[in-house]
Amino acid sequence: MSWLDRCLNLFRGRKLNSEIEEELRFHEEARIADNLAAGMTPDEARRDAARRFGGHTAALERSRDADIVMWMETIIQDVRYAWRSLRRTPVVTAVALGSLALAIGANTALFSVVNAVLLRSLPYRDANRLAVIWSTSTLNGSNSINTSVPNFEDWKARSHSFAELAAYRESDGPFFRPGNQADEPEWIDYAWAEDDLFHVLGRGAAIGRVFTGDSREAQVAVLSHGFWKRRFAGSPDVIGQTISVGGIDFQVIGVMPEDFAFPSKDIRLWVPAAAYPHFDQRRAQRDAGFGVGVGRLSDRATIESARAEMNVIARQLALQYPKEDGERGANLVPLATLIHGETVPYMLVLLFAAVGFVLLIACANVANLLLARGAARSGEVALRIALGAGRWRVARQMLTESLFLSAAAGALSFPLVAWGIRALIVLAPPGIDRLDEAHLDFQVLAFSVGLSFVTGVAFGLAPAIRISKPASGRRHTGGTQSQTMRRALIVAEFALAVVLLTGAGLLLRSFAAVQAVDPGFARDHIFTATLRFRNTLPRVDRAGLYREAIRRVGMLPGVSAVGGINNIFYAGERGNFGLRAVEGRLAEDRDRWSPMAWNTVSGDYFQAMGLPLLRGRLFTDRDNPNAPPAVIINETMARRYWPGEDPIGKGIKGFDARGHNDEWVRVIGVVKDMHSRGLDYAPMAQIYEPQAQSLDETEDMVVRSQTSVAPIRDAIRNLDKTAVWSDVFTLDDKLRELTAPRRFQTLLLSLFALLALALAGVGIFGMMHYSVAQRTQEIGIRMALGARPQSVVGMVVQEAVVLAAIGLGIGLAASFGLSRFIRSLLFGVSASDPWTLAGVAFVLTAVALLACSIPARRAARVDPVLALRRE
Amino acid sequence: MAKHTNDRLQGTLDLLVLKTLASRGPMHGYGITLHIEKISQEVLHLEEGSLYPALHRMTQEGWLRAEWGASENNRRARYYSVTAAGRRQLGEEERNWAALTGAVARVLEFT
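Residue numbers (our numbering), protein chains in the order written: chain A, 47 to 917; chain B, 101 to 211.
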């Protein structure tokens, strides 16, 4: 009978049963017929037949079993045997199960996040054929700037790499429903779509419809699913309603599906670029950046070929329009790169690798356990082999045992996974797209099952091979060989733990160093908020409103200082910038450019932030539009341009003209540096100009106050009903947000390292425990011959310490090799930080000593008489 | 399979069934019972029910082939015949049997 037949037997039990029934009935009836022919009475004939046959049902059962269970029989036997033998050592089994479940659970939870964020394809048609195109600036090295409308149209006309090409522009502005008086205005992020964006992405609306590239249909909007749920309570009546976005009225024509979040989940709605104010003028402004191109590669094109073509086109445009495009290039990247960014995949892969190490340690632990048990059982195995059990059968037995363990651990890990995913989502830094879509789904389940199986084979294979090797004749077969293998596993565990510990240690030191950085500003009782006024108002009016808002808030009781700035914090790296001119100097070489910000401030910004003035004066009301343009600079700026000189009174020019006639902008004061890019970036050069002389808004309001925010909110509401006051945070919160990714990585890596350390400790404990148990006799003889308990303890401890030391050496070498992967995360420590390395060595030795202290004490208490009698 | 070589009783039943089918050609279970009874002059008393698990097991091992056919009185019956593997197994069982009986005989002679 073929395997297929056997498997089929399982499903055709009923038919099989009736076939066997028929066969047996035939036998019985034939016997009865023969008995009748031999002269028995019908009753006698029947009874004789039944007697000869034995239990009818039993035979049926047994025949059927022979068919179906035969091939499963041995497996079930193996599993039962595995269960029995594991139950005999409940503590060891529980520890093995626990550590495996933890490791598998942590891996699976992290996988679900990696899968949701990185691996799953993006929710667009053939998403891997989509690419985005930015302009670049050879001027300051920034490679993701919006391209102008005419440039985009030239890209589109000249390129052949794309089947379709569209563009989008991200904006933010006030949103409200004109028909609804009670509606709170809200500041939202939204996107303008140039050409047929939805078609390029290959997505349609969930409700209603999307707009196409047709410019005749301009005043329409498509909402994101989440925004529709939140602001319109998920009502289908939304279609046809009028909304106001950025001061323009649109009619809602559709709602996108839940998973549509282009280019990010912060985007609340999409409107056609044709509705952009003065879009027709934009078509003629080659130097005004507008949006980002997004294209679907044609069948013949690849990312590389398209990139090459775009570079050629950018060069043609640079030659053709040297004034506007002379320093512009094109940067084409796959859409996935835009969505995922660079830091998130890096972070996730790093953590995934770390948690993989933990799993390896857990595997090594269990392999060790099985090897040790195998060694203890070598007598039994030798007996079984001698009795004719095949080696393959014995090896399979061992494998079944390990698979049984890993399957049980996999099952146990499920609650852990569900909990772990939730914990990861809560702990993760903000801004990871699609993270909240991580959950226990079929793929995650499949990963977990696969992982359990692979681990089962991985840690079961060594003992299985080991134990099924031909016995060498002595009863304690291959003891030394299996000892070597177990020692190697312990060393490997320690080495892996060292790598994780070193990584975690370096990150912890970096984190502490970051926390210890003085942000440069006061942190107590200061909060920030974003204040925006209708952007349909003329600039001058808005500037007036900001002034008035600051004045009114400043008068509230408990408020000691209020100010505004266009942007308090910048996230991470910025492009390099410089000045157009510095008084009395030659033009600046672009190679010397560095991160720099030209800010606009209003009110008492420096007082509110607690940024002390070091030289000169602060702004006053006299620094008005008619006065000579004035700026305050920070220390970094002063050092960069006027090292060893007094910068007060020096003149500079930025790239935009200031004053009535492009006059020199004079430095009137120097303030202390602050870490505006987050604590782990050095302060950058900053220039502050008064709003009265600037064109910029000061949206970020800073209030130093002992009171709650409610009266401030009311004061602003009374000033302008349509003002949007949002994102109220304390400065501490803001700083914490900037360090959130670092906190997350450090926390998780430390957790994994601790887990690894604990598992390695358990590993060496188990190893020494078995080792002492096996050497009881030897120890007994030694003690009978006069060895003192101390020397016995020393013997055990020495073994453990030697193993730990070898592991430490290998681990440190490995972490040194791997340190380049986390070098970019380090702050204030070098990859070979002696304190970290010494700490790791200390912790590891301590754990090894602690783990072997119990076995060592047991060894010292061995009674020579009892030990010798054992034989 | 190796484990049956040690199991003398089962081995005996296998040997008898294989031998019967090898010499007499395809038979149904009842026919095998009658044949074994007749040849052994009713010395080997076989619980007839236990024959069937053995038949199914040997079919599983690939030693026997089972087919439905018509019996002498035209009823549907399951006919068993020996496969090539079955013949090899028969040879082995016969050798084992000879070895065992030889050994037992020598033991008996010696005492």
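Beta carbons are placed, not taken as given, at the ideal position from N, Cα and C, and that holds for glycine.
Thinking C-beta only, is A627/A closer than 8 Å to S158/A?
Here residue 158/A corresponds to residue number 112 of the first sequence, with the count starting at 1. Here residue 627/A corresponds to residue number 581 of the first sequence, with the count starting at 1. Contact: no.
Check the Cβ of R178/B against every Cβ in chain A and list those closer than 7 Å, keeping chain order.
Here residue 178/B is taken as the residue at index 78 of the second sequence, counted from 1. Simply E69.
Please report how far the alpha carbon of L46/A lies from the alpha carbon of G456/A, in whole angstroms.
Residue 46/A lies beyond the stretch modelled for chain A, which goes from 47 to 917, so this question has no answer here.
Helix, strand or coil, according to DSSP, for I733/A in the structure here?
One-based indexing of the first sequence puts residue 733/A at position 687. Correct three-state label for I733/A: strand.
Selected residue, minimal CA-CA separation from L777/A, among M813/A, I349/A and R750/A:
Stepping through the first sequence from its first residue, residue 777/A is reached at position 731. The candidate whose alpha carbon is nearest that of L777/A is R750/A.
Going by C-alpha distance, which of L82/A, S190/A and Q791/A is nearest A399/A?
Locating residue 399/A in the first sequence gives position 353, where the first residue counts as 1. If we check each option's Cα against that of A399/A, Q791/A comes out closest.
Please list, in chain order, all residues of the same chain as A860/A whose beta carbon is under 7 Å from its beta carbon, the five residues on each side excluded.
Along the first sequence, one-based indexing puts residue 860/A at 814. So the list reads A541 and V545, once near-sequence residues are dropped.
Around the C-beta of E210/A, are 16 or more other C-beta atoms found within 10 angstroms, so that it is buried, or is it exposed?
On the first sequence, residue 210/A is found 164 positions in, with the first residue counted as 1. That one is buried.
Which same chain residues end up closer than 6 Å to D726/A when comparing Cβ atoms and leaving out the 5 residues on each side of it in sequence?
Looking up residue 726/A in the first sequence gives position 680. Here the set comprises V560 and F873.
Measure from the alpha carbon of A919/A to the alpha carbon of each residue in G855/A, N672/A and I467/A, then state which is nearest.
With chain A covering 47 to 917 only, the question about residue 919/A has no answer from this structure.
Given 8 Å, three or more beta-carbon pairs between the region 803-818 of chain A and the region 597-613 of chain A:
no
Out of D760/A, T193/A and M720/A, state which residue places its alpha-carbon closest to the alpha-carbon of A212/A.
For the purposes of this step, residue 212/A is taken as the residue at position 166 of the first sequence. Residue T193/A is the option with its Cα nearest to A212/A.
Where P368/A falls, given that 16 or more other Cβ within 10 Å makes a residue buried
On the first sequence, residue 368/A is found 322 positions in, with the first residue counted as 1. It is exposed - the Cβ of P368/A has fewer than 16 other Cβ atoms within 10 Å.
Give every residue of the same chain whose Cβ lies closer than 7 Å to the Cβ of W168/B, excluding the five residues on either side of it in the sequence, and list them in chain order.
For the purposes of this step, residue 168/B is identified with residue 68 of the second sequence, where counting begins at 1. So the qualifying residues of the chain are R176 and R178.
Would you mind sorting I900/A into buried or exposed? The rule is 16 or more other CB atoms within 10 Å of its CB.
Here residue 900/A refers to the residue found at position 854 when the first sequence is read from its first residue. So I900/A counts as exposed.
With DSSP run on the structure shown, which of helix, strand or coil describes A517/A?
The residue given as residue 517/A occupies position 471 in the first sequence. Legend: pLDDT at A517/A = 47, less than 50; position of this residue unreliable, value from coordinates given subsequently. DSSP places A517/A in coil when its eight states are reduced to three.
Where Q752/A sits in the DSSP three-state scheme
Reading the first sequence from its first residue, position 706 is the one you call residue 752/A. Of the three classes helix, strand and coil, the one that applies to Q752/A here is coil, per DSSP.
Option nearest E67/A by Cα separation, candidates N173/B, G149/B, P126/B and A199/B
The residue given as residue 67/A occupies position 21 in the first sequence. Measuring from the Cα of E67/A, the nearest candidate turns out to be G149/B.
Please classify L148/A: is it buried, with 16 or more other beta-carbons within 10 angstroms of its beta-carbon, or exposed?
Counted from its first residue, the first sequence places residue 148/A at position 102. Buried: at least 16 other Cβ atoms inside 10 Å.
Chain A residues whose Cβ lies nearer than 7 Å to that of R175/B
Residue mapping note: residue 175/B aligns to position 75 of the second sequence, counting from 1. What R175/B touches in chain A: F72.
Pull up the distance between the alpha-carbon of E209/B and that of C409/A, whole angstroms please.
Residue numbering aside, residue 209/B sits at position 109 when the second sequence is read from its first letter. Residue numbering aside, residue 409/A sits at position 363 when the first sequence is read from its first letter. Taking the straight line from one Cα to the other gives about 60 Å.
Note the first and the last residue of the continuous alpha helix (DSSP H) segment covering M158/B.
Numbered from 1 along the second sequence, position 58 holds the residue referred to as residue 158/B. E148 to E161 is the extent of the alpha helix (DSSP H) around M158/B.
Closest by CA to I385/A, which one among R374/A, V340/A, G402/A and G375/A?
Counted from its first residue, the first sequence places residue 385/A at position 339. The shortest C-alpha separation from I385/A is found at V340/A.
Do the region 585-592 of chain A and the region 549-558 of chain A touch if we need at least three Cβ pairs shorter than 8 Å?
no
Less than 8 Å between the C-beta atoms of A319/A and E240/A, yes or no?
Start at 1 with the first residue of the first sequence, and residue 319/A comes out as number 273. Start at 1 with the first residue of the first sequence, and residue 240/A comes out as number 194. Their beta carbons are under 8 Å apart, which means A319/A touches E240/A by this criterion.
Along the chain, where does the alpha helix (DSSP H) that runs through P196/A open and close?
Counting from one through the first sequence, the residue named residue 196/A turns up at place 150. Unbroken alpha helix (DSSP H) run through P196/A: V195 to R204.
Just to confirm the assignment, what range does the beta strand (DSSP E) spanning K369/A have?
Start at 1 with the first residue of the first sequence, and residue 369/A comes out as number 323. No beta strand (DSSP E) contains K369/A, which is instead part of the alpha helix (DSSP H) from P368 to D371.
In terms of residues, what are the limits of the beta strand (DSSP E) holding M302/A?
The count along the first sequence starts at 1 and reaches residue 302/A at position 256. M302/A -> no beta strand (DSSP E), and no H or E assigned at all.
For V500/A, the three-state DSSP class (helix, strand or coil)
On the first sequence, position 454 is the one that residue 500/A refers to. Helix at V500/A.
Test: A76/A CB closer than 8 Å to a CB of chain B:
Counted from its first residue, the first sequence places residue 76/A at position 30. Yes, A76/A counts as interfacial toward chain B.
From T523/A to Q529/A, what does the alpha carbon distance come to, in whole angstroms?
Numbered from its first residue, the first sequence carries residue 523/A at position 477. Numbered from its first residue, the first sequence carries residue 529/A at position 483. With a pLDDT of 42 at T523/A, under the threshold of 50, the modelled position of this residue cannot be trusted; read the value that follows with caution. Going from the Cα of T523/A to the Cα of Q529/A covers about 11 Å.
Any C-beta of chain A sitting closer than 8 Å to the C-beta of D107/B?
Indexing the second sequence from 1 puts residue 107/B at position 7. Note that D107/B scores a pLDDT of 42, beneath 50, so its modelled location is shaky; the value from the coordinates is reported in the next line. Chain A contact via Cβ: absent.
Assigned secondary structure, E240/A (DSSP; H/G/I helix, E/B strand, else coil):
Reading the first sequence from its first residue, position 194 is the one you call residue 240/A. Correct three-state label for E240/A: strand.
Would you call the region 242-253 of chain A in contact with the region 339-356 of chain A, where contact means no fewer than 3 C-beta pairs closer than 8 Å?
yes
Under the three-state reduction of DSSP, which class applies to V893/A: helix, strand or coil?
Along the first sequence, one-based indexing puts residue 893/A at 847. Helix.
Short CB-CB distance (under 8 Å) between E167/B and chain A
Sequence index remark: in the second sequence, residue 167/B carries index 67 (1-based). No, its Cβ sits nowhere closer than 8 Å to a Cβ of chain A.
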